[in-house]
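A.B. asks:
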Amino acid sequence: MEQSIEFLRQGGWPMIPLAICSFAALTVIIERAFALRQNKVIHPSVIELVNTYRGEVSAGPGVYTCQRARGAMSRITEEVINAREMDRAHIVETMQARGRREVGHLERGLTLLEIVAGISPLIGLLGTVLGMVTVFDAITAQGIGNPQVLSDGISKALVTTVAGLCIAIPALAFHSYFSKRVESLAVEMQDIATGFVTKVQIPIASKPVAHETMPFAEPK
């Protein structure tokens, strides 16, 4: 514990924004790890509803099921059921609009994680540069009579760079993982919702609707 405190003290004031970045990244990682679970985003009861939907008789119980299940897929399904009296084009448009909103919610916090991954090494580098300036000021004033003083000063100056990289590397890794996770869930929800539209209302025209091919989230 004392060594950790001494490590933070050696880094100086740049360790404060680095500590904030670390806390922000850890918060987002833990929150998204729970929020992006398969059963939370696409609840099994909603899958069962989609598979067993039998027209108007299933509409009321279906809305109730969606409201109880919650999650992104349940809200998309509820939106489609509520729009069942519209023509097919409007149902698809409603589904796509709701899907994009839900994907936006799934991506919440990922921008912050990306920012932390980008600025943490820069803050660490700033701390190192400031530390090196201090070291060279000491050399100018006292000379290089004691190499131990010089090596200790450089070691302390590099503390912030080490801290910045230790924050940025996991932040970048989790950002990449969560982004791929959201993309995978978006594709799966798109497939389920598109098939469900066919069950909610029989197409009134054989002409395909262009909106049906529009994904919830653009590939990155």
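Each residue of the sequence shown is one higher than the last, beginning at 677 in our numbering. For each residue, glycine too, the CB sits at the ideal point set by N, CA and C. Computed from a predicted model, the values in this text were never measured in an experiment.
(1) Quick check: the Cα distance between S796 and P693, rounded to an integer number of angstroms?
(2) Going by other Cβ atoms of all chains shown within 10 Å of its Cβ, with 16 needed for buried, is V733 buried or exposed?
(3) In this structure, how does DSSP classify G747 when only helix, strand and coil are distinguished?
(4) Does the contact criterion of 3 or more C-beta pairs under 8 Å hold for the segment 848 to 861 versus the segment 779 to 798?
(5) Return the CA-CA distance between A793 and W689, expressed in angstroms with no decimal places.
(6) Following the continuous alpha helix (DSSP H) through E859, name the residue where it begins and the one where it ends.
(7) Rank I799, E783, T741 by C-alpha distance to the C-alpha of F854 and give the top, closest one.
(8) When the distance is taken between beta carbons, is V876 closer than 8 Å to I757?
(9) Do three or more CB pairs link the segment 746 to 756 to the segment 720 to 730 at distances below 8 Å?
(10) On the premise that I843 lies in contact with S698, defined as a C-beta separation below 8 Å, what is that separation, rounded to the nearest angstrom?
(11) Exposed or buried, what is F812 when buried is set at 16 or more other beta-carbons lying within 10 Å of its beta-carbon?
(12) Report the option in R857, G775, P846, K832 whose CA atom is closest to the CA atom of M691.
(13) Would you say I706 touches the ligand SAM, meaning its beta carbon is less than 7 Å from a heavy atom?
(14) Please classify L789 as buried or exposed, where buried requires at least 16 neighbouring CB atoms within 10 angstroms.
(15) Would you grab the beta carbon distance between V717 and G747 for me? Rounded to a whole angstrom, and I think it's under 8 Å.
C.D. replies: Let's see:
(1) In the sequence shown, counting from the first residue as 1, residue 796 sits at position 120. In the sequence shown, counting from the first residue as 1, residue 693 sits at position 17. Going by the C-alpha atoms only, they are around 8 Å apart.
(2) Walking along the sequence shown from the start, residue 733 turns up at place 57. When all chains shown are included, V733 counts as exposed.
(3) Along the sequence shown, read from residue 1 onward, the residue named residue 747 stands at position 71. It is coil, neither helix nor strand.
(4) These segments touch.
(5) Position 117 of the sequence shown, counting from 1, holds the residue named residue 793. Position 13 of the sequence shown, counting from 1, holds the residue named residue 689. One C-alpha to the other measures close to 19 Å.
(6) Position 183 of the sequence shown, counted from the first residue, corresponds to residue 859. Note, E859: alpha helix (DSSP H), 835 to 876.
(7) If you number the sequence shown from 1, residue 854 lands on position 178. Looking at the Cα atoms, E783 is the closest of the given residues.
(8) By 1-based counting over the sequence shown, the position of residue 757 is 81. By 1-based counting over the sequence shown, the position of residue 876 is 200. Judged by their CB atoms, I757 and V876 are nearer to each other than the 8 Å cut-off.
(9) Output reads yes: the segment 720 to 730 touches the segment 746 to 756.
(10) Stepping through the sequence shown from its first residue, residue 698 is reached at position 22. Stepping through the sequence shown from its first residue, residue 843 is reached at position 167. Yes, S698 and I843 are in contact; Cβ-Cβ is about 5 Å, under 8 Å.
(11) In the sequence shown, the residue the question calls residue 812 occupies position 136. By the 16-neighbour rule on beta-carbons within 10 angstroms, F812 is exposed.
(12) Residue mapping note: residue 691 aligns to position 15 of the sequence shown, counting from 1. With distances taken between Cα atoms, M691 lies closest to K832.
(13) Absence of the ligand SAM is noted for the structure shown, with no ligands found whatsoever.
(14) As a working mapping, residue 789 is identified with position 113 in the sequence shown. Under a 10 Å Cβ-count criterion, L789 is classified as buried, with 16 or more other Cβ atoms of the shown protein chains found around its own Cβ.
(15) Counted from its first residue, the sequence shown places residue 717 at position 41. Counted from its first residue, the sequence shown places residue 747 at position 71. At roughly 5 Å, the Cβ-Cβ gap stays under 8 Å, so V717 and G747 are in contact.
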